[in-house]
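Asker: Sharing a structure with you now.
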Amino acid sequence: MNSGRNDCQRISRRVVFTGTALALGAAAAATVVSQATPQEKISQADAKYQGTPKGGQHCDGCVNFQPPNVCKFVQGNISPSGWCQLFVKKT
Ligand code: SF4
């Protein structure tokens, strides 16, 4: 008679445990990404960086640009008038 209730409790505990494990895994993954991102820049070639603007977009107008010549995500000397495929417009 009570076995139906016990099954529900078991399933419920399993769901809670699985949800907790997934949440912890997601938190751990987010921590790894947030620690790795600032230190690991990609090459200019991989970013398809060019020293000239593209379609009105240029590094000086990108959120990733750090004057006078640094990018948060792309290695090397970055021109304010350059561009790459990681461009994100400043708001
Ligand atoms: S366009 Fe590319 S290289 Fe230029 S600042 Fe933005 S992300 Fe960096």
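Residue numbers are given in the working numbering: position 91 of the sequence shown equals residue 71, and the series is strictly consecutive.
All C-beta atoms in this analysis are idealised placements derived from N, C-alpha and C, irrespective of residue type, glycine included.
Note that this is a predicted model, so its numbers are computed, not measured.
When we look at the beta-carbon of residue 27 and count the other beta-carbons within 10 Å, is it buried (16 or more) or exposed?
Answerer: Buried, since its Cβ has 16 or more Cβ neighbours within 10 Å.
Asker: Output the distance between the C-alpha atoms of residue 41 and residue 24, rounded to the nearest integer angstrom.
Answerer: Spanning the two alpha carbons is a distance of roughly 18 angstroms.
Asker: Which residues in the same chain have their Cβ closer than 6 angstroms to the Cβ of residue 63, if we skip the five residues on either side of it in sequence?
Answerer: Cβ within range, chain order: 30, 33, 34, 37 and 38.
Asker: Report buried or exposed for residue 73, applying the criterion of at least 16 other Cβ atoms within 10 angstroms of its Cβ.
Answerer: The shown model of the chain, from -19 to 71, leaves out residue 73, and the question about it has no answer.
Asker: Please specify which runs of the beta strand (DSSP E), each continuous and at least 3 residues long, are wholly inside the stretch 16 to 65, giving them in chain order.
Answerer: You should have found no qualifying run.
Asker: By Cβ distance, which residues of its chain are closer than 7 angstroms to residue 57, with the 5 residues on each side in sequence left out?
Answerer: Within the same chain, residue 57 has close Cβ partners 49.
Asker: What's the C-alpha gap between residue 55 and residue 66?
Answerer: Cα to Cα, the separation comes out at about 13 angstroms.
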